[in-house]
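My numbering numbers the first residue of the sequence shown as 4 and each following residue consecutively.
The block underneath contains the structure these notes are about, expressed in structure tokens.
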Amino acid sequence: MVSDAVTEAEMEALPRMLTRLKLTAIRDRLDELLNEAARRELTLRQTVTLLCATEIARKDERRVQMGLSIAKFPYARTLESFDFQAQPSVDARAIKELALGRWIANGDALLLLGPPGVGKTHLAVALGREAIARGYSTLFTSATALVTALSKAHLEGRLDERIAHYAKPKLLIVDELGYLPFEPNAAHLFFTLVSKRYERGAMLLTSNRAVSEWGTVFGDPVVATAILDRLLHHSQVITIRGDSYRLRAKRRSGLLQQAAAQTPQPVQP
Ligand code: ADP
Ligand code: MG
4 MVSDAVTEAE MEALPRMLTR LKLTAIRDRL DELLNEAARR ELTLRQTVTL
54 LCATEIARKD ERRVQMGLSI AKFPYARTLE SFDFQAQPSV DARAIKELAL
104 GRWIANGDAL LLLGPPGVGK THLAVALGRE AIARGYSTLF TSATALVTAL
154 SKAHLEGRLD ERIAHYAKPK LLIVDELGYL PFEPNAAHLF FTLVSKRYER
204 GAMLLTSNRA VSEWGTVFGD PVVATAILDR LLHHSQVITI RGDSYRLRAK
254 RRSGLLQQAA AQTPQPVQP
């Protein structure tokens with residue numbers, strides 16, 4: 004009886020110590036891992052390595068999950084789920100190189116340009132995900148949400164605070180620049196942010212407009228030039244061509260013709 008009680012106390016002590024050391028993956032899977040070590044006839048050193056590797060994998064996974072929830076991506080996408088064959092204007096090797104994140108460490112800019120539906124947001128989210136996995140804090144916003152937030156903060160006298168919020172992450176992704184033209188004040192606010200981040204934090208921008216059209220996008224060619232001057236100084240531009248991926252898939256399945264046939268005709272006055 005007595006020896007049983009000692010064993011029980013010992014059994015309880017280890018999970019408690021592991022909890023205190025915050026080694027929760029080892030704690031939760033202790034029996035399973037020790038059984039595995041026995042089955043594989045691991046040495047003590049190999050067993051400790053297996054336990055540490057398990058804990059590190061759990062901590063990395065948690066960190067990525069936390070980073071993903073902070074980033075506020077509009078949807079979950081990965082590089083693995085990007086069909087490079089369907090998009091020959093995108094160089095898979097160049098994207099995989101970008102996924103390593105050197106440009107983020109350098110605080111460079113990356114512009115993904117092209118018509119709607121070609122995969123700009125997909126690639127932006129997937130590269131953002133890779134950035135998080137490599138330990139770079141990342142925030143995603145649409146250009147409209149960004150300038151709305153900055154304008155509001157400006158009116159409320161809290162602009163510095165808001166700029167600091169968008170200046171803080173190592174990578175800021177601004178999606179859909181140019182879908183709506185900016186008011187001149189919004190262009191100034193955007194310029195303030197770009198200046199603040201310049202050479203400190205990386206930016207990834209997506210746009211349906213060519214860089215030459217950005218004067219119109221920003222509603223002010225002088226501010227547009229100042230923004231582009233900073234963005235393009237250390238930058239890579241990837242221009243994606245071709246049809247919308249979604250429409251292409253639908254067209255292939257014959258859905259689009261059906262949909263077109265059902266499109267209501269405008270009412271004649
Ligand atoms: P946009 O260029 O307008 O930002 P998206 O990236 O949002 O387009 O792409 C539209 C949809 O099509 C998304 O659901 C995206 O995941 C998908 N998609 C686009 N291109 C590809 C591709 N090459 N492989 C896989 N999915 C793609
Ligand atoms: Mg998009």
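Note that beta-carbon positions come from the ideal geometry of N, C-alpha and C, so glycine has one too.
Determine the DSSP secondary structure at residue i, reduced to helix, strand or coil.
i: glutamine 286; result: This structure does not reach residue 286, given that the chain is present from 4 up to 272, and the question cannot be answered.
i: glutamate 186; result: coil
i: valine 225; result: helix
i: alanine 89; result: coil
i: threonine 242; result: strand
i: leucine 71; result: helix
i: glutamate 15; result: helix
i: alanine 263; result: At alanine 263 the pLDDT is 49, less than 50, meaning the model places this residue with poor confidence and gives no usable figure here.
i: glutamate 179; result: strand
i: valine 5; result: Low confidence applies to valine 5: its pLDDT is 49, below 50, so where it sits in the model is not reliable, and the reading given next is rough at best. It is helical.
i: threonine 81; result: coil
i: leucine 250; result: helix
i: phenylalanine 76; result: coil
i: serine 140; result: coil
i: leucine 103; result: coil
i: serine 145; result: strand
i: alanine 112; result: strand
i: alanine 205; result: strand
Output yes or no for whether 8 Å exceeds the beta carbon distance between residue i and residue j.
i: asparagine 211; j: glycine 245; result: no
i: alanine 190; j: aspartate 232; result: no
i: threonine 209; j: threonine 124; result: yes
i: isoleucine 98; j: leucine 82; result: yes
i: serine 247; j: proline 119; result: yes
i: lysine 171; j: isoleucine 107; result: no
i: leucine 275; j: serine 154; result: Nothing about residue 275 can be read from this structure; the chain reaches only from 4 to 272.
i: valine 197; j: leucine 234; result: yes
i: glutamate 179; j: alanine 146; result: yes
i: arginine 165; j: alanine 152; result: yes
i: glycine 122; j: glutamine 90; result: yes
i: arginine 32; j: threonine 57; result: yes
i: isoleucine 2; j: phenylalanine 185; result: Any question about residue 2 goes unanswered here, given that the chain covers just 4 to 272.
To which residues of the same chain is residue i closer than 7 Å at the C-beta, ignoring the five residues directly before and after it?
i: leucine 101; result: Leu113, Leu130
i: arginine 80; result: His125, Val128, Ala129
i: leucine 175; result: Leu142, Tyr169, Arg200, Gly204, Met206
i: alanine 136; result: Val67
With a threshold of 8 Å on Cβ separation, who are the neighbours of residue i within its own chain once the five nearest residues in sequence on each side are excluded?
i: leucine 53; result: Leu36, Glu39, Ala40, Leu45
i: alanine 95; result: Phe87
In chain order, what residues of the same chain have a beta carbon less than 6 Å from the beta carbon of residue i, not counting five sequence neighbours either side?
i: leucine 21; result: Ile29, Arg30
i: alanine 227; result: Trp217, Gly218, Phe221
i: lysine 75; result: Phe143
i: arginine 254; result: none
i: histidine 237; result: Asp111
i: valine 240; result: Leu114
i: serine 140; result: Pro172, Lys173
i: glycine 70; result: Ile135
Can you tell me whether residue i is buried or exposed, with buried defined as 16 or more other CB within 10 angstroms of its CB?
i: tyrosine 78; result: exposed
i: glycine 60; result: For the record, residue 60 in the displayed sequence is alanine; it is not glycine. Under this definition alanine 60 is an exposed residue.
i: glutamine 88; result: exposed
i: aspartate 163; result: exposed
i: glutamate 11; result: exposed
i: aspartate 225; result: Position check: residue 225 holds valine in this sequence, whereas aspartate was assumed. Exposed, since its Cβ has fewer than 16 Cβ neighbours within 10 Å.
i: arginine 132; result: buried
i: glycine 160; result: exposed
i: glutamate 15; result: exposed
i: glycine 138; result: exposed
i: leucine 47; result: exposed
i: leucine 26; result: buried
i: glutamate 13; result: exposed
i: valine 150; result: buried
i: valine 51; result: exposed
i: alanine 263; result: Residue placement at alanine 263 cannot be trusted, given a pLDDT of 49 that sits under 50; the coordinates are not used to answer.
Taking only heavy atoms of the ligand ATP into account, decide whether any of them is closer than 7 Å to the Cβ of residue i.
i: aspartate 178; result: Because the ligand ATP does not appear in the structure shown, any question about it cannot be addressed here, the ligands present being the ligand ADP and the ligand MG.
Between residue i and chain B, is any beta-carbon pair separated by less than 8 Å?
i: leucine 192; result: Annotation note: the requested chain B is absent from the structure, which comprises a single protein chain.
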